[in-house]
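What the sequence shown shows, in the working numbering, is residues -18 to 131, in sequence order. The beta carbon of each residue, even a glycine, is placed where N, CA and C say it ideally should be.
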Amino acid sequence: MSENSGNAVSDAASSAPRKRIRVVGAAIVRDGMVMCAQRGGGKQLSGKWEFPGGKIEPHETPREALHREIEEELLCEVEIGDEVCTDSYDYDFGTVTLTVFICHLLSGEPRRTEHQEFRWLEPADMPTLDWAPADHKAVSMISTMDVARK
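Set out below in structure tokens:
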């Protein structure tokens, strides 16, 4: 195969439509602290910090998806509060559009089923972690918020 035909293949691949992935994340608050979750090994973005959550199924609203994901992933129940923001990031595997909500723990203690670590941090300390790029905008916004329940 000549060098030119190799370039044509890579050019065609780069012009293919990007995979779009809609996800939700929960900034779970307890006693004025926010739960930060570190992605488990063997996954894309392993070791990066994120807000727990997951993909929005075609039949779900973002709030429905978040409620389901938190029950499945953390085995606890949260009250979903205000939307913080929605932001997109182009990863090599596709474009992730993340919507983050402030949530308050209602029942149960979050358990690690997919994450390697949880940390409860003051909002101002959150930017010290190595966050997944899609989470950066929400982290920046939450780090300056008063998240204590009124």
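For the pair ASP116 and GLU64, the CB atoms are not nearer than the 9 Å cut-off. Ranked by Cα distance from VAL4, the first of LYS118, ARG11, PRO33, PRO104 is PRO33.
As computed with DSSP, MET14 is found in a beta bridge with ARG11. Residue pairing by DSSP places THR125 opposite no residue, since no beta bridge is assigned to it. Residue burial is scored here from C-beta neighbours: GLU52 has fewer than 16 other C-beta atoms within 10 angstroms and is therefore classed as exposed. In the three-state scheme derived from DSSP, where H, G and I count as helix and E and B as strand, ARG1 is classed as strand. In the DSSP assignment, HIS48 falls within the alpha helix (DSSP H) that extends over 43 to 55. Note on the segment 59 to 131: whole beta strand (DSSP E) runs with a minimum of 3 residues are 75 to 88, 96 to 102, in chain order.
For GLU58, the closest alpha carbon among the candidates SER88, ASP68, GLU38, GLU45 is that of SER88.
The three-state reading of DSSP puts GLN19 in strand, counting E and B together.
In the DSSP assignment, GLY35 falls within the beta strand (DSSP E) that extends over 34 to 36. In this structure, DSSP gives GLY6 an extended state, which the three-state scheme calls strand.
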